[in-house]
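Protein chains in written order, with UniProt numbering: chain A, 1 to 432; chain B, 1 to 432. In this text, a Cβ means the ideal position worked out from N, Cα and C, and glycines have one as well. Everything numeric in this text was worked out from a predicted model, so none of it was measured. Inspection log for the structure reproduced underneath, given as structure tokens.
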Ligand SMILES: NC(=O)c1ccc[n+]([C@@H]2O[C@H](COP(=O)([O-])OP(=O)(O)OC[C@H]3O[C@@H](n4cnc5c(N)ncnc54)[C@H](OP(=O)(O)O)[C@@H]3O)[C@@H](O)[C@H]2O)c1
Ligand SMILES: NC(=O)c1ccc[n+]([C@@H]2O[C@H](COP(=O)([O-])OP(=O)(O)OC[C@H]3O[C@@H](n4cnc5c(N)ncnc54)[C@H](OP(=O)(O)O)[C@@H]3O)[C@@H](O)[C@H]2O)c1
């Protein structure tokens with residue numbers, strides 16, 4: 001008789017319902033592929049009184065012990081979100097010998113170390129493919145397919161809300177507030193959009209990706225973060241004219257000189273870069289390794305069924321381990337302790353847009369100020385833009401230290417001809 | 001003491017040398033990641049007398065028995081290429097209880113069934129990630145990450161040579177013979193380019209991808225193939241004006257009505273399609289599943305180190321199985337026997353380019369001929385193109401059966417006003 005693997009589900013919201021749907025609609029395939037039946041047994045809900053037609057036939061409970069202490073249950077799938085009680089419930093499940101699958105980037109980015117230690121202690125699996133990039137396979141590729149590589153760089157469009165907004169701003173020339181309203185109307189952005197637009201959601205994913213790519217623990221607090229709220233249609237137009245698109249990127253770099261450098265911020269990306277064509281709510285993660293060269297993984301970064309695709313893939317992976325009586329086949333990837341590069345030491349090119357007095361000689365003054373601060377310029381242009389008595393100057397710098405650009409900006413701020421530093425955005429260099 | 005896993009390598013050419021290099025340069029990482037040392041022990045070469053500085057320190061042999069009968073060797077890596085003796089040697093290795101890793105698309109596409117049966121019989125792994133898409137992870141994603149999905153479509157740019165040629169034709173307007181010479185000069189195309197330009201190489205990969213995606217055995221002989229030799233700069237220009245790019249695609253579709261339909265041919269691809277931006281020698285595979293929606297995997301489809309990245313990932317995967325004393329964790333994926341859709345039943349839109357007499361009423365005659373054959377048109381345009389007394393007509397059809405378009409072409413051929421059917425190319429429909 002076929003083995004049956006029983007699942008307890010914590011939370012049946014957007015993703016949880018998707019998981020139930022995928023397990024049902026692809027039941028026959030999944031059974032063949034695993035060599036065992038995967039059966040959802042019990043679902044934890046907050047309010048037992050609420051009508052949930054999609055949960056008919058399953059045991060419902062509002063008591064976590066009914067799942068973690070159920071000896072029949074092999075796998076606990078956490079899809080409630082948030083730090084607590086999600087963290088506590090997952091730890092409990094592992095203590096009771098159950099493998100855990102989650103989509104919870106908050107817990108993984110902040111308490112990953114604790115989770116992996118607990119999994120190791122109790123000989124169970126802890127899987128989190130859906131925590132980054134929704135349905136896109138990226139965690140398994142990093143743990144398996146790319147594992148022959150030393151990875152030097154990982155760059156991702158990992159937040160669909162902000163990518164949708166930037167795409168709309170690019171395509172329609174609309175301004176930030178307009179596209180935010182539109183994104184909210186379409187359900188892509190929350191009423192309080194801060195986690196998305198301020199970059200916090202992307203930062204959690206950056207921490208997870210960097211930990212896996214560079215084999216050293218990177219936590220949310222280690223990621224420097226800047227959101228998209230200051231991006232204007234003018235910046236996007238300058239970018240276009242200079243051959244770039246503006247994207248919010250999660251960036252991780254690892255080099256012998258600087259150590260591990262992880263950040264989230266808007267970037268001018270050369271329009272030939274593979275990530276530049278990733279538009280709307282789509283996500284993609286670009287990886288550079290010392291054997292594979294460049295690779296990219298593209299797909300839907302959110303949504304009920306796409307995210308469930310990743311969660312159920314993890315459930316299948318765990319089930320295969322159970323069928324084959326093996327655990328922890330892939331060891332914890334953070335076997336090193338690398339130096340984290342402080343923000344001031346990071347290097348980048350920058351786009352700097354200034355509002356200046358429209359007088360002869362200003363361009364020269366500005367260029368000299370950059371030079372005095374040790375920042376060499378790749379290009380500098382001055383435009384009129386219908387502003388009485390004023391002009392805009394847009395400078396693109398060569399790669400400089402964060403500290404140097406800060407010094408230059410300090411200098412510029414003090415100059416009488418400079419009326420405003422309108423924006424400062426990092427520029428990703430062309431591929432070679 | 002750390003476990004040591006010993007590898008025998010068959011063939012140290014482009015990819016084999018890459019494997020040796022990757023194992024050396026990333027030795028420390030790999031050992032950490034596997035929890036065991038991976039040691040290359042013996043290399044099979046054809047000519048022992050040849051100088052091979054990169055093989056210093058390894059045992060060389062020209063006798064396969066020195067590898068397959070060596071009890072110390074756990075994994076045999078086949079990188080000789082071709083059908084025989086590669087097939088024979090891999091079977092022998094498995095008979096002797098060794099897991100096999102290969103990049104050999106020829107053997108997998110033609111003798112996959114035999115290989116998997118042998119692996120199952122002897123409780124060993126048979127891995128072939130590098131056989132499709134070079135370094136790009138696609139086999140593991142199909143076997144693991146996407147396994148919660150019913151996959152309905154897979155489309156790939158899986159031949160770098162032809163993609164390089166089509167990209168050059170698109171960017172520079174050069175003609176076929178010119179870009180072929182250029183590709184040969186750069187080492188991207190062989191002296192005899194047939195396997196690439198006639199689509200055979202892509203067809204092998206199509207068979208492998210379809211077998212994994214649709215869970216039914218598809219072999220090389222089941223794939224209908226058409227190459228790029230008839231593509232002209234004119235076709236590419238018409239494509240551009242109509243909003244398409246021309247790509248050579250490996251296409252697999254699975255539907256309840258038609259069954260499994262696998263082919264390789266040039267395609268007019270809407271320029272918004274994620275595959276449309278894949279240029280030069282890069283490869284990418286696009287997958288559609290009933291949970292994940294669309295996903296794409298992008299990277300370098302060939303080359304010594306990128307391909308070695310995939311081969312070594314497989315070696316690591318096998319080694320993890322050995323360390324954990326498990327085998328065949330992922331079962332053979334071909335557990336179904338689906339109907340293969342005959343070419344005549346396949347459905348597609350088509351681009352048809354005709355040379356016709358330049359007289360009033362011709363456009364009407366042509367349109368009527370299509371209609372009479374049951375082919376409805378989406379658009380039809382007539383151009384002069386500086387051809388005395390002649391004009392060109394370009395028609396784009398709605399989706400029709402292959403048999404219907406053949407009937408229409410037969411009809412057109414017989415018409416006195418039609419001087420030549422210049423090209424017929426499938427058109428991929430826009431994404432919704
Ligand atoms: N949505 C996506 O596209 C997506 C993509 C990738 C990752 N994720 C991650 O997936 C997780 C779930 O997201 P979601 O979008 O599915 O959220 P959601 O729609 O808000 O669903 C969460 C569910 O968990 C339930 N829940 C919360 N706290 C609970 C508790 N203490 N006890 C019992 N049930 C509880 C909620 O019940 P009530 O209905 O009673 O509040 C709700 O049904 C999050 O970690 C999220 O970051 C989501
Ligand atoms: N090159 C790529 O980018 C790439 C990408 C994906 C997959 N692959 C696949 O990888 C495999 C190897 O390709 P490759 O490009 O590395 O080919 P290659 O450069 O021609 O190397 C093949 C090597 O195998 C040796 N060999 C052939 N037959 C042998 C025999 N009977 N006994 C001992 N040694 C033998 C050859 O030795 P001699 O030097 O004596 O002839 C040569 O060194 C092929 O299956 C290919 O399809 C290649």
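282(A) is the residue among 282(A), 23(A), 377(A) whose C-alpha sits nearest the C-alpha of residue 273(B).
In the DSSP annotation of this structure, the continuous segment of the alpha helix (DSSP H) that includes residue 116(A) starts and ends at 105 to 121. With respect to the 7 Å criterion, residue 11(B) and residue 80(B) are classified as neighbours on the basis of their beta carbons. Residue 14(A) has its CB nearer than 6 Å to a heavy atom of ligand 1.
Residue pairing for residue 255(B): DSSP places it in a beta bridge opposite 259(B). Chain B has a Cβ within less than 7 Å of the Cβ of residue 135(A). Exclusion of the five residues before and after residue 198(A) leaves 227 as the residues of its chain whose Cβ lies within less than 6 Å of its Cβ.
Under the Cβ criterion of 7 Å, residue 79(A) is not counted among the residues facing chain B.
Of all residues in the segment 302 to 332 of chain A, those with a C-beta nearer than 7 Å to a C-beta of chain B are 305, 306, 308, 309, 312, 313, 316, 317, 320, 324, 326, 329, 330, 331, reading in chain order. Within the same chain, and ignoring the five residues on either side of residue 358(B) in sequence, the residues whose Cβ sits closer than 6 Å to its Cβ are 389, 390, 391. Runs of the alpha helix (DSSP H) lying entirely within the segment 382 to 421 of chain A, each at least 4 residues long, are 402 to 413 in chain order. With fewer than 16 neighbouring CB atoms inside 10 Å of its own CB, residue 376(B) falls in the exposed class.
The beta-carbon distance between residue 187(A) and residue 214(A), rounded to whole angstroms, is 35 Å. This is too long to meet the 8 Å contact definition.
Counting only residues of its own chain and dropping the five nearest sequence neighbours on each side, residue 271(A) has a CB closer than 7 Å to the CB of 243, 244, 245.
Between the segment 287 to 307 of chain A and the segment 302 to 322 of chain B, the count of Cβ pairs shorter than 8 Å is three or higher; the stretches touch.
Taking 6 Å as the cut-off, one finds at least one heavy atom of ligand 2 near enough to the beta carbon of residue 46(B). Interface flag for residue 145(B) against chain A is set, since a Cβ pair is found closer than 7 Å. Non-local C-beta neighbours of residue 218(A) in its own chain, meaning closer than 6 Å and more than five positions away in sequence, comprise 207, 210, 211, 262, ordered along the chain.
Residue 410(A) and residue 249(A) have their C-alpha atoms roughly 26 Å apart. According to the DSSP assignment, residue 357(A) belongs to the beta strand (DSSP E) that extends over 347 to 357. The segment 161 to 181 of chain B makes no contact with the segment 339 to 353 of chain B; the number of CB pairs closer than 8 Å stays below 3. DSSP places residue 62(B) outside both helix and strand once states are collapsed to three, so it counts as coil. Under the 7 Å criterion on CB atoms, residue 148(A) is classed as interfacial with respect to chain B. Of the other Cβ atoms in all chains shown, 16 or more fall within 10 Å of the Cβ of residue 426(B); this residue is therefore buried. Under the Cβ criterion (8 Å, minimum of three pairs), the segment 134 to 154 of chain A counts as touching the segment 313 to 326 of chain B. If you ignore the 5 residues before and after residue 55(A), its C-beta comes within less than 8 Å of the C-beta of 12, 20, 43, 45, all in its own chain and listed in chain order.
For residue 316(B), the uninterrupted alpha helix (DSSP H) run begins and ends at 304 to 323, by DSSP. In the three-state reduction of the DSSP assignment, residue 174(A) falls in the coil class, being assigned neither a helical nor a strand state. Taking the Cα positions, residue 414(B) is about 24 Å away from residue 232(B). Bridge partners of residue 8(A) according to DSSP: 42(A), 76(A).
Taking the C-beta atoms as reference points, residue 301(A) is found nearer than 7 Å to residue 160(A). Going by DSSP, residue 282(A) is part of the beta strand (DSSP E) stretching over 282 to 289. Each of 137(A), 74(A), 195(A) was checked against the Cα of residue 124(A), and the nearest Cα belongs to 74(A). Contact annotation: residue 236(A) and residue 165(A) have beta-carbon atoms that are not nearer than 7 Å. Taking CB atoms only, residue 270(A) has no neighbour in chain B less than 7 Å away.
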